[in-house]
Amino acid sequence: MTAIDTTRCPLCGQSNACAITAGLPAGECWCMAQPVSRAALARVPPDQRGRACLCPRCAADMIPDPHPQEPPCPPTTSK
Numbered sequence: 000m001t002a003i004d005t006t007r008c009p010l011c012g013q014s015n016a017c018a019i020t021a022g023l024p025a026g027e028c029w030c031m032a033q034p035v036s037r038a039a040l041a042r043v044p045p046d047q048r049g050r051a052c053l054c055p056r057c058a059a060d061m062i063p064d065p066h067p068q069e070p071p072c073p074p075t076t077s078k
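In this text, residue positions in the sequence shown follow numbering that gives the first Met the number 0: the first is 0, and each later residue adds one.
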């Protein structure tokens with residue numbers, strides 16, 4: 000099992016700016032004042048849920064999904 004870097008966002012890999020991982024009180028964290036997108040939370044890999052915080056940008060769900068849903072059927076080609 001790979002160790003999880005709790006200072007990095009599990010979606011984009013950038014710094015998550017988490018106050019708790021920096022040794023500061025939780026009340027000083029950006030996430031206490033900014034809403035976190037449910038869609039962003041749903042994209043966190045299951046093995047990292049509750050273990051690594053999102054960064055402010057991903058929490059706001061402002062980046063595209065790195066794994067967009069594939070269409071249910073391949074496109075048809077006409078000849």
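Just so you know, even glycine gets a beta-carbon here, dropped at the ideal spot from N, CA and C.
All values reported here derive from a predicted model rather than from experimental measurement.
Given residue i as reference, the closest of the options once Cα atoms are compared
i, options, result
"P55", "P45, M31, P44", "M31"
"Q33", "T5, R7, L53, T1", "L53"
"A59", "S36, T1, T6, G49", "S36"
Contact check, residue i vs residue j, beta carbons under 7 Å
i, j, result
"A39", "C11", "no"
"P24", "A51", "no"
"I3", "Q47", "yes"
For residue j and residue i, believed in contact at Cβ under 8 Å, the rounded distance
i, j, result
"A16", "W29", "6 Å"
"S14", "T6", "6 Å"
Residue i classed as buried or exposed, judged by whether at least 16 other C-beta atoms fall within 10 angstroms
i, result
"E69", "Confidence in E69 is poor, its pLDDT being 49 and thus under 50, which makes the residue's placement unreliable; the coordinate value appears in the next sentence. With fewer than 16 other Cβ atoms within 10 Å, it is exposed."
Contact with chain B by residue i, beta-carbon distance below 7 Å
i, result
"R50", "Chain labels in this structure do not include chain B; a single protein chain is all it has."
Go through the segment 7–69 residue by residue and report every complete run of the alpha helix (DSSP H) that reaches 4 residues or more, in order.
-> 37–41, 55–58
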